[in-house]
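Student: The letter at position 1 of the first sequence is residue 1 when you use full-length UniProt numbering, and the numbering goes up by one with no holes. Mind having a look at this structure? Questions to follow.
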Amino acid sequence: MTKIFLKNLENVNISQFQRDLIDWFQREQRILPWRENKDPYRVWVSEIMLQQTRVDTVIPYFNNFMAKFPTLNALAEAEEEQVLKAWEGLGYYSRVRNLHKAVKEVKETYAGIVPDNAKEISKLKGVGPYTTGAVLSIAYGVPEPAVDGNVMRVLSRILSIWEDIAKPATRKIFEEAVRELIAKDNPSDFNQALMELGAIICTPTSPSCLLCPVREHCQAFHEGVQAELPVKTKNKKNKKVQLASAVLRTVDGKYLIRKRPSEGLLANLWEFPYFEIDSNYTSAKRQLNDYLQKEYSEDAKLENGAFAKLDHVFSHLTWNIEVYAGEVGGDIPQSETLKLVTEEEMQKYTFPVSNQKMWKHYKEKE
DNA sequence: AAAGCGTGGTT
DNA sequence: TAACCAAGCTT
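Listed below in structure tokens is the structure:
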């Protein structure tokens, strides 16, 4: 495996490649809020937010997050509830729980200074191989690889590497390639330039090779096979799950919400109670009614038809949800994970987008 | 190694 | 529409 790309590296004029790439980045890079300075905390937060998430989506979240938690210590001292709320709608919520935990660790163990070496920073929760390299190179100028999907795509084309980038083991091949290619005098711009190139020129479909600053170094371009790279095996189909959920209101206008478990899907977020439908049983409404009466209240009463049927697609499964409205008594025993709240109080809690969709339909129905 | 983990945009 | 994607990490 190693020999494949080392052989191809012989075809690259490395110092010229570095100059062409970095010159282009310094000319053409996008103006982004996390590029205002190289505060390691800001770089770190941006890298976590950008995991599997588009730049345009991240920008407003990043600005809001920095306004609320301007420094590492501010985030470390914040309440979990506030931190999760700042992430609401961004997805992959374990990212922010891990970040919060890691920032506390840095405050306690490293006096609030983000470690500047791989050994220490990679031990932090949520900091994997990519984020380690990104923070070290961008914030501290350490020549470490930061191999994300962009970098694998770009280098698979430049070096004509045909390994399957969907396989975890493949990342190491690209890390070794970057170690050979990286500009030791400017690893920050070099790593960012590889990613920027992947984001705006060397795109997954129809790359803009005629605008590419390094096309003369690109073996896939010379062979005309850029459209066939990178090699990436396909994902499996999503599993579909049928759910019935209920917006339950008391006579004095409070709504029943519950907190999800601290691990797994949408951990620690709040939601309207739901139930997974057993298709071998009777109607969804009957099942939901039985479930609600058993779990929460003897007198939960559902309206007749579902007021909404909606699909919510996750990365690995799809919820098909029937949503019912109903009424409950106000004497339900509340706890840390079960509450009756007014519409206004609801704003403090963090809900997944699936729940926000239900609420939107509910309000439109009224 | 492979599966679990969100969301919104594009094709 | 369904599939695929977008600056991955954990278990």
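Beta carbons are placed, not taken as given, at the ideal position from N, Cα and C, and that holds for glycine.
Runs of 3 residues minimum, wholly inside the stretch 289-316: which ones carry the beta strand (DSSP E) assignment?
Tutor: 308-313
Student: Secondary structure at S245, three-state DSSP: helix, strand or coil?
Tutor: Taking the first sequence and counting its residues from 1, one reaches residue 245 at position 245. When DSSP states are grouped into helix, strand and coil, S245 belongs to the strand group.
Student: Roughly how many angstroms lie between the CA atoms of I22 and M358, to the nearest whole one?
Tutor: Along the first sequence, read from residue 1 onward, the residue named residue 22 stands at position 22. Along the first sequence, read from residue 1 onward, the residue named residue 358 stands at position 358. So the alpha carbons of these two residues sit roughly 48 angstroms apart.
Student: Give the C-beta separation of I121 and L99 to the nearest angstrom, bearing in mind that I take them to be a contact with Cβ-Cβ under 8 angstroms.
Tutor: What you label residue 121 is simply residue 121 of the first sequence in a count that begins at 1. What you label residue 99 is simply residue 99 of the first sequence in a count that begins at 1. No, I121 and L99 are not in contact; Cβ-Cβ is about 13 angstroms, not under 8 angstroms.
Student: Am I right that V247 and F221 are in contact with their C-beta atoms under 8 angstroms? What's the rounded C-beta distance?
Tutor: Locating residue 247 in the first sequence gives position 247, where the first residue counts as 1. Locating residue 221 in the first sequence gives position 221, where the first residue counts as 1. With 8 angstroms as the limit, V247 and F221 do not qualify as a contact, their Cβ atoms being about 55 angstroms apart.
Student: Considering Cα atoms alone, identify which of F69, K107 and Y349 is closest to R258.
Tutor: As a working note, residue 258 is residue 258 in the first sequence. Comparing Cα positions, the closest option is Y349.
Student: Per DSSP, what are the beta-bridge partners of D164 in this structure?
Tutor: Here the question's residue 164 lines up with position 164 in the first sequence. In DSSP, D164 forms a bridge with V231.
Student: I need the DSSP call for R54, collapsed to helix, strand or coil.
Tutor: As a working note, residue 54 is residue 54 in the first sequence. Per DSSP, reduced to three states, the secondary structure at R54 is coil, with no helix or strand assignment.
Student: Quick check: the Cα distance between A267 and T57, rounded to an integer number of angstroms?
Tutor: Residue 267 sits at position 267 when you count from the first residue of the first sequence. Residue 57 sits at position 57 when you count from the first residue of the first sequence. In a straight line, the C-alpha of A267 is about 21 angstroms away from that of T57.
Student: On the DSSP bridge list, what partners appear for Y255?
Tutor: Residue 255 sits at position 255 when you count from the first residue of the first sequence. Y255 is bridged by DSSP to R249 and V341.
Student: I'd like to confirm the pairing. Which residues does DSSP put opposite E196 in its beta bridges?
Tutor: If you number the first sequence from 1, residue 196 lands on position 196. The secondary-structure analysis by DSSP pairs E196 with nothing; it has no beta-bridge partner.
Student: Run the CB neighbour count on K184, radius 10 Å, all protein chains shown included, and call it buried at 16 or more, exposed below.
Tutor: In the first sequence, counting from the first residue as 1, residue 184 sits at position 184. Answer is exposed; the Cβ neighbour count stays below 16.
Student: Count the other C-beta atoms from every protein chain shown that fall within 10 angstroms of the C-beta of R42, then say buried if there are 16 or more, exposed otherwise.
Tutor: Here residue 42 refers to the residue found at position 42 of the first sequence. The residue in question, R42, is buried, as its Cβ has 16 or more Cβ neighbours within 10 Å.
Student: Would you grab the beta carbon distance between M152 and I165 for me? Rounded to a whole angstrom, and I think it's under 8 angstroms.
Tutor: The residue labelled residue 152 in the question sits at position 152 within the first sequence. The residue labelled residue 165 in the question sits at position 165 within the first sequence. Indeed they touch by this definition, with Cβ atoms about 5 angstroms apart.
Student: Buried or exposed: K119, going by 16 or more other Cβ atoms within 10 Å of its Cβ?
Tutor: For the purposes of this step, residue 119 is taken as the residue at position 119 of the first sequence. Its Cβ having fewer than 16 others within 10 Å, K119 is exposed.
Student: Please list, in chain order, all residues of the same chain as N13 whose beta carbon is under 8 angstroms from its beta carbon, the five residues on each side excluded.
Tutor: If you number the first sequence from 1, residue 13 lands on position 13. Cβ within range, chain order: H217.
Student: Can you say whether A306 is buried or exposed, counting buried as having 16 or more other CB atoms within 10 angstroms of its CB?
Tutor: What you label residue 306 is simply residue 306 of the first sequence in a count that begins at 1. A306 comes out buried.
Student: For the alpha helix (DSSP H) containing F17, name the first residue and the last one.
Tutor: Position 17 of the first sequence holds residue 17. F17 -> alpha helix (DSSP H) spans I14 to E28.
Student: For M66, which residues of its own chain have a beta-carbon under 8 angstroms away from its beta-carbon, when the five flanking residues on both sides are left out?
Tutor: Numbered from its first residue, the first sequence carries residue 66 at position 66. The answer, listed in chain order, is P33, R42 and V45.
Student: In the DSSP assignment, find the beta strand (DSSP E) that holds Y140 and state where it starts and stops.
Tutor: For the purposes of this step, residue 140 is taken as the residue at position 140 of the first sequence. First-last for Y140: P129 to Y140, but that is the alpha helix (DSSP H), not the beta strand (DSSP E).
Student: In the structure shown, what three-state DSSP assignment does A284 receive?
Tutor: Within the first sequence, residue 284 is the residue found at index 284, counting from 1. If DSSP states are grouped into helix, strand and coil, A284 belongs with the helices.
Student: Run the CB neighbour count on R215, radius 10 Å, all protein chains shown included, and call it buried at 16 or more, exposed below.
Tutor: The sequence position of residue 215 within the first sequence is 215, counting from 1. When all chains shown are included, R215 counts as buried.
Student: Does the separation of the CB atoms of I321 and Y296 fall below 8 angstroms?
Tutor: Here residue 321 corresponds to residue number 321 of the first sequence, with the count starting at 1. Here residue 296 corresponds to residue number 296 of the first sequence, with the count starting at 1. Not a contact, by the Cβ cut-off of 8 angstroms.
Student: Looking at the structure shown, is G224 part of a helix, part of a strand, or coil, going by DSSP?
Tutor: The residue given as residue 224 occupies position 224 in the first sequence. If DSSP states are grouped into helix, strand and coil, G224 belongs with coil.
Student: I want to check one thing, is the minimum distance from the CB of R260 to the heavy atoms of the ligand MG below 7 angstroms?
Tutor: Annotation note on the ligand MG: not contained in the displayed structure, which lists no ligands.
Student: Tell me the rounded alpha-carbon separation between P261 and E88.
Tutor: To locate residue 261, count along the first sequence from 1; it is residue 261. To locate residue 88, count along the first sequence from 1; it is residue 88. Roughly 17 angstroms separates the two Cα atoms.
Student: If we count the other Cβ atoms within 10 Å of its Cβ and call it buried at 16 or more, is E47 buried or exposed?
Tutor: Working through the first sequence from its first residue, we reach residue 47 at position 47. With 16 or more Cβ atoms within 10 Å of its Cβ, E47 is classed as buried.
Student: Would you call P230 buried or exposed, if buried means 16 or more other Cβ atoms sit within 10 Å of its Cβ?
Tutor: As a working note, residue 230 is residue 230 in the first sequence. That one is buried.
Student: If you drop the 5 nearest sequence neighbours on each side, which residues of the same chain put their C-beta closer than 8 angstroms to that of Q16?
Tutor: For the purposes of this step, residue 16 is taken as residue 16 along the first sequence, with counting starting at 1. Only H217 meet the Cβ criterion.
Student: Quick check: the Cα distance between R171 and T131, rounded to an integer number of angstroms?
Tutor: Against the first sequence, residue 171 aligns to sequence position 171. Against the first sequence, residue 131 aligns to sequence position 131. Using only the alpha carbons, I get a separation of about 13 angstroms.
Student: Per DSSP, F275 is paired with what?
Tutor: Here residue 275 corresponds to residue number 275 of the first sequence, with the count starting at 1. DSSP output for F275 lists A244 as bridge partner(s).
Student: Looking at C-alpha atoms only, which residue of D311, K123 and L269 is the closest neighbour of Q82?
Tutor: For the purposes of this step, residue 82 is identified with residue 82 of the first sequence, where counting begins at 1. Measuring from the Cα of Q82, the nearest candidate turns out to be L269.
Student: Leaving out the 5 sequence neighbours to the left and right, which residues in its chain are closer than 7 angstroms to K104 when beta-carbon positions are compared?
Tutor: As a position in the first sequence, residue 104 is number 104, starting the count at 1. Hits under 7 angstroms: A76.
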